[in-house]
DNA sequence: GATAAGATGTTA
DNA sequence: AACATCTTATCA
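Residue numbers (our numbering): 127 to 310.
(1) Go ahead and pull the three-state DSSP assignment for residue 244.
(2) What does DSSP give as the partner residue(s) for residue 234 in the beta ladder?
(3) Any chance the region 288-301 sits against the region 261-273, with 3 or more Cβ pairs inside 8 Å?
(4) If we require 3 or more residues per run, which beta strand (DSSP E) segments fall completely within the region 151-228?
(5) Do you know how far the Cα of residue 170 is from the Cα of residue 282?
(6) Report yes if the CB atom of residue 308 is closer than 8 Å to the CB atom of residue 257, and no otherwise.
(7) Can you tell me the Cα-Cα spacing of residue 241 and residue 148, whole angstroms?
(8) Which same chain residues end up closer than 7 Å to residue 159 when comparing Cβ atoms and leaving out the 5 residues on each side of it in sequence?
(9) Are the Cβ atoms of residue 229 and residue 243 separated by less than 8 Å?
(10) With residue 295 and residue 226 assumed to form a contact (beta carbons below 8 Å), what rounded beta-carbon distance in angstroms separates them?
(11) Going along the chain, which residues of its own chain have a beta-carbon closer than 7 Å to the beta-carbon of residue 275, five neighbours each way excluded?
(12) Name the DSSP beta bridge partners of residue 269, please?
(13) Going by alpha carbons, who is nearest to residue 270 out of 200, 193 and 204?
(14) How would you label residue 298, buried or exposed, when you count the other beta carbons within 10 angstroms and need 16 or more for buried?
(15) In the DSSP assignment, what are the bridge partners of residue 280?
(16) Contact check, residue 254 vs residue 204 under 8 Å by CB: the rounded distance?
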């Protein structure tokens, strides 16, 4: 079992089942350093994507894009979607086992427009340059810290958004009544 | 409020 | 051709 503390989250946290990591990332703080400033928001919505999941980019094996998902846990996985947006994930599971958690929404601390995966990447200036950053290292320009702990009863489990395959998997998690959770 | 469609370019 | 999205338009 992962031992929670304060401060940066280490690799052991991500080296677990993707569904558990997705749920446990709620309440954690995503930090992005740009120049001398650090932009921050609390993660309030996530989705899990696993190797044998038809909706996962790794479902058909390693490709140039999906290779990141098979690497060690605790790396960023950033992809470009719909011709204009980026989405940010964190890799999970042991090396050679694919898995990632999509970060879908942040409760902003010093940023705006973070209620959706494309919007939060725009707000934090996350692009493909930030693919495969080690988010367990606060010398990176992107990392995650332990922060607020929500209770189990504040977490809603439901189906993922924007996919046609495996649309019935209850692999989306969000904080109940949080106004920054993305709309359907 | 709801629903529909257009923007835009990477991926396999 | 599909896509782990968002914005704007057009209803009501």
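Backbone N, C-alpha and C fix where the C-beta goes; we use that ideal spot for every residue, glycine too.
On the basis of the data shown:
(1) Note: residue 244 maps to helix in three-state DSSP.
(2) Answer by DSSP bridge pairing, in chain order: 167.
(3) Touching, no.
(4) DSSP runs (the beta strand (DSSP E)) wholly in the region 151-228: 155-160, 163-176, 202-207 and 211-217.
(5) Cα to Cα, residue 282 sits roughly 10 Å from residue 170.
(6) The Cβ atoms of residue 308 and residue 257 lie no closer than 8 Å to each other.
(7) Rounded to the nearest angstrom, the two C-alpha atoms are 17 Å apart.
(8) Correct list, in chain order: 267.
(9) In this structure, residue 243 lies closer than 8 Å to residue 229 by Cβ.
(10) Actually they do not touch by this definition, with Cβ atoms about 14 Å apart.
(11) Once the five neighbours on either side are set aside, the close Cβ partners of residue 275 are 153.
(12) The partner list for residue 269 (beta bridge, DSSP) reads 157.
(13) Shortest Cα-Cα distance from residue 270 to any of 200, 193 and 204 involves 200.
(14) Buried, because 16 or more other Cβ atoms sit within 10 Å of the Cβ of residue 298.
(15) Paired residue(s): none; residue 280 is not in a bridge.
(16) That belief holds up - the Cβ atoms of residue 254 and residue 204 are roughly 5 Å apart, short of 8 Å.
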